Amino acid sequence: MRPYVPDVSPFRASVYALVRSIPRGRVLSYGAVAALLGHPRSARGVGTALSGLSEGHDVPWWRVVNRNGEITSPRIHHIAALQRKLLEGEGVKFRASGRIDMKEYAWSPSPDSRTD
DNA sequence: GATCTGACCACCG
DNA sequence: CCGGTGGCCAGAT
8 MRPYVPDVSP
18 FRASVYALVR
28 SIPRGRVLSY
38 GAVAALLGHP
48 RSARGVGTAL
58 SGLSEGHDVP
68 WWRVVNRNGE
78 ITSPRIHHIA
88 ALQRKLLEGE
98 GVKFRASGRI
108 DMKEYAWSPS
118 PDSRTD
């Protein structure tokens, strides 16, 4: 019996799988996630996939930000505030501009994997 | 299957 | 930096 595998499209399943592999304290942009999955033009699809998460999942969705290291989650649902909180809780620091230094926190699956 | 929406991105001025 | 535009694509209706 699988942990959390509702009936989802393979695309969504792959997004969740990759996001799950992002180490603590590291982040990935929507575009990067899409590219790593072999769909360089599906950045929006990644956002859609994450927005469709239900309760009880084990996907660290907060480790996905936009290409500028900014949080683009819906503020009206106070999701953005939660995301920032969770990231800071993992040691990710935000600059005064409210952005993350992608040069430092952007993660890449292969070699430099600092599983923390 | 047509149409709309959006937690994206690149390009331009 | 800010705003506008076009393109892309997965989901929802």
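First residue of the first sequence: 8, per our numbering; consecutive thereafter.
The beta-carbon is built from N, C-alpha and C at its ideal position, and this holds for glycine as well.
No experiment lies behind these values; they were computed from the predicted model shown.
Point to revise | Nearest to Ser117 (by Cα), restricted to the options Leu89, Arg48 and Ser28 | key: Ser28
Check your understanding: When DSSP labels each residue in this structure, what does Ala113 get in the three-state scheme?
Key -> strand
Exercise for review: Find out if the Cβ-Cβ distance for the pair Gly96, Arg74 is shorter than 7 angstroms.
Suggested key: no
Check your understanding: Among the residues of its own chain, which have a CB less than 6 angstroms from the CB of Val194, if the five just before and after it don't count?
Key -> Nothing in the structure corresponds to residue 194, since the chain is present only between 8 and 123.
Practice item. Please classify Ile29: does DSSP put it in a helix, a strand, or coil? Key: coil
Check your understanding: Which residue's Cα is closest to the Cα of Thr79: His46, Gly98, Lys110 and Arg51?
Key -> Arg51
Exercise for review: Determine, using beta carbons only, whether Leu44 and Trp114 come nearer to each other than 7 angstroms.
Suggested key: no
Review point. Can you tell which of Arg19, Asp108, Leu60 and Leu93 has the C-alpha that lies nearest to the C-alpha of His46?
Key: Arg19
Exercise for review: Please list, in chain order, all residues of the same chain as Arg106 whose beta carbon is under 8 angstroms from its beta carbon, the five residues on each side excluded.
Suggested key: Asn75, Gly76 and Glu77
Check your understanding: Helix, strand or coil: how does DSSP classify Leu40 here?
Key -> According to the sequence shown, residue 40 is Val rather than Leu. In the structure shown, the three-state DSSP call for Val40 is helix.
Practice item. Determine the direct distance from the alpha carbon of Val26 to that of Arg82, and round the result to whole angstroms. Key: Arg82 and Val26: Cα-Cα distance of roughly 21 angstroms.
Check your understanding: By Cβ distance below 6 angstroms, which residues in the same chain neighbour Gly98 in space, the five residues on each side in sequence not counted?
Key -> Gly32
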